[in-house]
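One structure is given below, encoded as structure tokens.
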Amino acid sequence: MQQSRSRSQSWRQRLEQQRSQGWRAEKRIPPPQLKAKCPGRLLCSHSDMSDPEMGWMPEPPAMTLGASRVELRVSCHGLLDRDTLAKPHPCVLLKLYSDEQWVEVARTEVLRSSSNPVFSRVLALEYFFEEKQPLQFHVFDAEDGATSPSNDTFLGSTECTLGQIVSQTKVTKSLLLKNGKTAGKSTITIVAEEVSGTNDYVQLTFRAHKLDNKDLFSKSDPFMEIYKTNGDQNDQLVWRTEVVKNNLNPSWEPFRLSLHSLCSCDVHRPLKFLVYDYDSSGKHDFIGEFTSTFQEMQEGTADPGQEVEKVHTFLDYIMGGCQISFTVAIDFTASNGDPRSSQSLHCLSPRQPNHYLQALRTVGGICQDYDSDKRFPAFGFGARIPPNFEVSHDFAINFDPENPECEEISGVIASYRRCLPQIQLYGPTNVAPIINRVAEPAQREQSTGQATKYSVLLVLTDGVVSDMAETRTAIVRASRLPMSIIIVGVGNADFSDMRLLDGDDGPLRCPRGVPAARDIVQFVPFRDFKDAAPSALAKCVLAEVPRQVVEYYASQGISPGAPRLSTPAMTPSPSP
Numbered sequence: 026m027q028q029s030r031s032r033s034q035s036w037r038q039r040l041e042q043q044r045s046q047g048w049r050a051e052k053r054i055p056p057p058q059l060k061a062k063c064p065g066r067l068l069c070s071h072s073d074m075s076d077p078e079m080g081w082m083p084e085p086p087a088m089t090l091g092a093s094r095v096e097l098r099v100s101c102h103g104l105l106d107r108d109t110l111a112k113p114h115p116c117v118l119l120k121l122y123s124d125e126q127w128v129e130v131a132r133t134e135v136l137r138s139s140s141n142p143v144f145s146r147v148l149a150l151e152y153f154f155e156e157k158q159p160l161q162f163h164v165f166d167a168e169d170g171a172t173s174p175s176n177d178t179f180l181g182s183t184e185c186t187l188g189q190i191v192s193q194t195k196v197t198k199s200l201l202l203k204n205g206k207t208a209g210k211s212t213i214t215i216v217a218e219e220v221s222g223t224n225d226y227v228q229l230t231f232r233a234h235k236l237d238n239k240d241l242f243s244k245s246d247p248f249m250e251i252y253k254t255n256g257d258q259n260d261q262l263v264w265r266t267e268v269v270k271n272n273l274n275p276s277w278e279p280f281r282l283s284l285h286s287l288c289s290c291d292v293h294r295p296l297k298f299l300v301y302d303y304d305s306s307g308k309h310d311f312i313g314e315f316t317s318t319f320q321e322m323q324e325g326t327a328d329p330g331q332e333v334e335k336v337h338t339f340l341d342y343i344m345g346g347c348q349i350s351f352t353v354a355i356d357f358t359a360s361n362g363d364p365r366s367s368q369s370l371h372c373l374s375p376r377q378p379n380h381y382l383q384a385l386r387t388v389g390g391i392c393q394d395y396d397s398d399k400r401f402p403a404f405g406f407g408a409r410i411p412p413n414f415e416v417s418h419d420f421a422i423n424f425d426p427e428n429p430e431c432e433e434i435s436g437v438i439a440s441y442r443r444c445l446p447q448i449q450l451y452g453p454t455n456v457a458p459i460i461n462r463v464a465e466p467a468q469r470e471q472s473t474g475q476a477t478k479y480s481v482l483l484v485l486t487d488g489v490v491s492d493m494a495e496t497r498t499a500i501v502r503a504s505r506l507p508m509s510i511i512i513v514g515v516g517n518a519d520f521s522d523m524r525l526l527d528g529d530d531g532p533l534r535c536p537r538g539v540p541a542a543r544d545i546v547q548f549v550p551f552r553d554f555k556d557a558a559p560s561a562l563a564k565c566v567l568a569e570v571p572r573q574v575v576e577y578y579a580s581q582g583i584s585p586g587a588p589r590l591s592t593p594a595m596t597p598s599p600s601p
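FYI, our numbering numbers position 203 of the sequence shown as 228, with every residue one higher than the one before it.
In structure tokens:
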């Protein structure tokens, strides 16, 4: 939390510098090279809406320290036609599962006569890495003024989590009917983009002159779309103007955008402007296009202001392709009690999952959204294992040392259940071997110099660490690698040593006095969450991971990869 607060303060300091050199002006852009028979001329005026003198700066959305704001852009393809004589007028309604119910949080605009709509209105949400945020997308036909999905207007829906979307950047899913069957070949595509910490807004006004006339008995009905080019060279729709009826010299209404939405705070990012003649059938005639940058639109003003500095965030790395590699280590020492006893911490009761299983489900269920192959290495320590029943402190719980990975968290749980009757709980509680084992692939990742895989080790244990000196050394070594360690204490033991490893009371040092390069350990006693909602544990133990990821890559001077996918430009379908 302290780190999040510091980051917010640094943003505020930069904002004050930018505002002190703010700009607002109206200028004429050089005539664009419109690809049309009769090129037009377009003028743009703009002003910095973050300037307090304007008096009507939009209120920024409420933000919680530690949260990120995410914008979802939605498009659909192949929507069903409820009326054989006309295409649907689609709208997408977004719901979030909160407080044990589905709540509407946003919706797109209505697009007329379109089976393949690309919506310009973004759906904004607060994103928390440490929470599972289930989402529903409902597509319905808003013809005749319908405002919500019903049996007559429903075109399909889909579910996923916000974590799945941001980890993949772009998600395409089939739309399902209410009976669970697919809605023909209908699909919905959701593209995520993080909103940066800046509050800078700009107001833009466009007008055109002598546009080409595409109508036979009247003048064109022009509208304009603005696209920004992303790192993968695909174009993403950021704004669509209203339609100006019967006018070859239109002046579109002023509109405001955050600098992030317009150009991702990169004033040199290419922007593409396309002008169409609106047609109610959805087959809009192309009039022309031109390209520019926000920097070009600033040029010629008295005080063009500063470029916006890019500060990399956790979502920058996740959307740039960084995967969270999740490994589980489970304590099978004798102090847990005989699994056949109802008092054992490893008791497999049919009535209620034990604390090990509860921790696996809540924490692992969130982490798996960020791992592309959904396969998780799972190890045990402190037990005698077959066939020779020698003590091991890093054995694969699926008993396959060549491939210790389990399919999804459900596979880890299944392996745990199968493993338990086959081993003998023993001891001691040595944690260093499993830390060193996970550190090996993290060391290989470090040598690549790229942000592609960050390791998170979840240790579930019931007691005092036996190899404290070796564990401290292993953690100090791991603190220089792309790696974090989460320790969940199960049971009622004395966890004083675990709190020392956490480092909240001062930097952890190895026995030789070498300090950890950064704080990578988070310890939480499960007993503090016995009476809380299942999600409370996950929120607590995962809350520090985003900061630790950013701290590591920043310390190494490693920037995130470019966002991998983006919505392609498609034929627009605006409202009239």
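Ideal Cβ positions, reconstructed from N, Cα and C, are used throughout, including at glycine. Predicted model, so just to flag it, every value in this text is computed and none were measured.
Distance between residue j and residue i (C-alpha atoms, nearest Å)
i	j	result
GLY389	GLY307	46 Å
HIS309	LYS297	18 Å
ILE414	GLY488	The question names Ile, but residue 414 is Phe in the sequence shown. Rounded to the nearest angstrom, the two C-alpha atoms are 22 Å apart.
ALA464	PRO507	9 Å
ASN455	PHE406	7 Å
GLU314	PRO571	41 Å
ALA557	LEU482	24 Å
ARG524	HIS418	22 Å
PHE520	ASN379	19 Å
ILE434	ARG502	28 Å
THR496	PHE153	30 Å
GLY188	GLU156	9 Å
THR207	LEU200	6 Å
ALA327	GLY474	Any reading at ALA327 is ruled out, since the residue's pLDDT is 43, under 50, leaving its predicted position unreliable.
ASP341	ARG94	12 Å
ARG49	ARG281	Bear in mind that the predicted position of ARG49 carries a pLDDT of just 29, short of 50, making it unreliable; the figure below should be weighed with that in mind. The straight-line gap from Cα to Cα measures roughly 13 Å.
ARG409	MET344	42 Å
ARG107	ALA561	44 Å
GLU576	PRO532	15 Å
ARG146	SER173	17 Å
ASP604	SER440	Because the chain in this structure spans residues 26 to 601, residue 604 falls outside the shown range and cannot be described.
GLU430	ASP398	10 Å
GLN581	ALA542	12 Å
ASN428	SER123	38 Å
CYS392	THR316	41 Å
Cβ pair residue i, residue j closer than 9 Å
i	j	result
SER504	ASP544	yes
ILE213	VAL130	no
HIS102	LYS198	no
LEU97	LEU180	no
ALA149	VAL220	yes
PHE404	ILE355	yes
ASP177	PRO113	no
TYR303	GLU250	no
LEU229	PRO247	no
ARG537	THR486	no
LEU160	CYS185	yes
ASN423	CYS444	yes
PHE551	GLN383	yes
Cutoff 8 Å; reference residue i; Cβ partners in own chain excluding five residues on either side
i	result
LYS253	ASP260, GLN261, VAL263, LEU287, CYS288, SER289, ARG294, PRO295, LEU296, LYS297
Residues near residue i in its chain [Cβ-Cβ closer than 7 Å; skip 5 each side]
i	result
ARG132	CYS116, VAL117, LEU118, LEU119
LYS244	ASN238, ASN271, ASN272, LEU273
PRO142	SER100, CYS101, PRO115, LEU136, SER598
TYR395	GLY188, SER192, ILE343, GLN348, ILE349
VAL128	LYS120, LEU121
SER369	ASN361, GLY362, ASP363
Neighbourhood of residue i by C-beta distance below 6 Å, restricted to the same chain and skipping five residues each side
i	result
ILE583	ALA476
PHE319	CYS288, VAL292
PRO540	PRO532, ARG534
VAL549	VAL513, CYS565, VAL566
THR387	PRO559, LEU562, ALA563
PRO279	GLN228, THR230
ILE215	LEU97, VAL99, ILE190, VAL196
VAL416	ARG409, TYR451
9 Å Cβ cutoff, residue i in contact with chain B
i	result
ALA421	Looking for chain B here will not work: only one protein chain is present.
Closer than 8 Å: residue i CB and nearest the ligand NAP heavy atom
i	result
LYS555	The ligand NAP is absent from the structure shown, which contains no ligand whatsoever.
In chain order, which beta strand (DSSP E) runs of at least 3 residues are fully inside the region 474-560?
-> For secondary structure counted as the beta strand (DSSP E) over 3 or more consecutive residues, the region 474-560 holds these complete runs in sequence order: 478-486, 508-514, 546-550.
Scan the region 126-202 and note each continuous alpha helix (DSSP H) run of 4 residues or more that stays entirely inside, going in chain order.
-> Correct list: 187-193.
Hey, is the region 434-450 in contact with the region 340-360, meaning 3+ C-beta pairs nearer than 8 Å?
-> The region 434-450 is in contact with the region 340-360.
Count the CB pairs spanning the region 509-516 and the region 565-579 that are closer than 8 Å, and state whether there are at least three.
-> Counting Cβ pairs under 8 Å, three or more are found: they touch.
Let me know the alpha helix (DSSP H) ranges lying completely inside the region 346-416, each 4 residues or longer, listed in chain order.
-> Every alpha helix (DSSP H) stretch that sits fully inside the region 346-416 and reaches 4 residues is listed by chain position as 380-392.
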